[in-house]
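Numbering (our numbering), first residue to last: 369 to 480.
Cβ coordinates follow ideal geometry from the N, Cα and C atoms, glycine included.
A short worksheet on the structure shown next.
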Amino acid sequence: MVRVEGVGEVTDADFGFEVLSGERPVLVQFTAEWCGPCRQLAPVLGEIAREQADRLKVVQLDVDRNPGTTTAYGVLSTPTLMVFRDGEPVWQTVGARAKGRLVRDLEGAGVL
């Protein structure tokens, strides 16, 4: 998993606290060390995390080290991006994308 400034890491153990009980919407990147598109997406998520820090929390979850959460939300491909609001998933997509497109998608979904 590529560590990015401004993007936190969550695990099966703290997913409930860090993601489901948050006051702001949380964008979760389901990722893996071996995932090339995940590495491409990491800097994009870092930029969004910094620019939208007051409106959106951004975190990563390693699918190989956290199979419980990965299975619970039916994640089959990486990178999967999922937004949680009030403890529920409200938006998701699979695959890397450019920052502009991701921001437009999040705005269209009412997340930003």
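If you draw a straight line from the Cα of D432 to the Cα of G478, it comes to about 30 Å.
Contact between the segment 410–421 and the segment 377–386 is absent: fewer than three C-beta pairs spanning the two stretches fall below 8 Å. When the beta-carbon positions are compared, V370 and A400 stay at least 7 Å from each other.
V396 sits buried, since 16 or more C-beta atoms from the chains shown fall within 10 Å of its C-beta. The Cβ neighbour count for P393, taken over all protein chains shown within 10 Å, is at least 16; the residue is labelled buried.
In its chain, beyond the 5 residues on either side, V427 have a beta carbon closer than 6 Å to the beta carbon of G376.
Within its own chain, the residues whose Cβ lies closer than 6 Å to the Cβ of P457, once the five positions on either side in sequence are excluded, are M450, listed in chain order.
Beta bridge pairing from DSSP links G376 with V427. Annotated three-state conformation of T437 is helix, per DSSP.
Around the Cβ of L474, a 10 Å sphere holds 16 or more other Cβ atoms; the residue is buried.
Every alpha helix (DSSP H) of 4 residues or more that sits fully in the segment 381–427 is shown, in chain order, as 404–419.
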